[in-house]
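Take a look at the structure set out below.
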Amino acid sequence: MADNLVHVAPVHLQSFPIQLELRYEKIRHEALDQFVRNDESCGVDLCSPKFYAVDPLQQVKIYTGLIFEFKAGWTAFLKDKSSVVTRKHLVVEGGVIDPGYRGEIIVVMRNMSQQTQFIQPGDFVVKW
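Just so we're aligned, residue 16 is where the sequence shown starts under the working numbering, counting upward by one.
Following this line, the structure appears as structure tokens:
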């Protein structure tokens, strides 16, 4: 990771009494920063950087444009956001990110509804 491109974001884990600094790099110009809503938030939200249309029962790969550097021994688990599941019927498939992985974070989602669902740029898609 080139030092001049690295961002450091503080992450507060409600269930764990420490503050983490998470190093990440934007590798696409449309990439959006990760988002922590407030001190009461558990984990971090990731946004879609662009528009996607997801047909019924189909899968989509959302390329976040972000690379993260996790400390040894730490793993990220991508989890469904309840608002996305209840409103758009989009669920996360897969989502375990090993500490040594240095590639782009790609969120794999499936549309469980019978209607095409739309993801807009800036929509929160996953929690970790």
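C-beta atoms are modelled at their ideal positions from N, C-alpha and C, and glycine is treated no differently. Remember, predicted model here, so these are calculated numbers, not experimental data.
Cβ-Cβ separation, ILE134 to TYR67 (assumed contact under 8 Å), whole Å: 4 Å
Span separating the alpha-carbon of VAL69 from that of VAL123: 11 Å
Does the stretch 41-51 come close enough to the stretch 97-111 to have 3 or more Cβ pairs within less than 8 Å? no
Nearest to SER128 by alpha carbon, out of ALA46, LYS103 and GLU84? LYS103
Which ranges does the alpha helix (DSSP H) cover as unbroken runs of at least 4 residues, wholly within the stretch 64-114, from first to last along the chain? 97-103
Whether TRP143 touches ALA87 by CB criterion (8 Å): no
Distance check for GLN49 and CYS57, CA to CA, integer angstroms please. 13 Å
Would you kindly report the start and end of the unbroken beta strand (DSSP E) that includes VAL59? Taken as a continuous stretch (DSSP letters only), VAL59 belongs to no beta strand (DSSP E), as it is neither H nor E.
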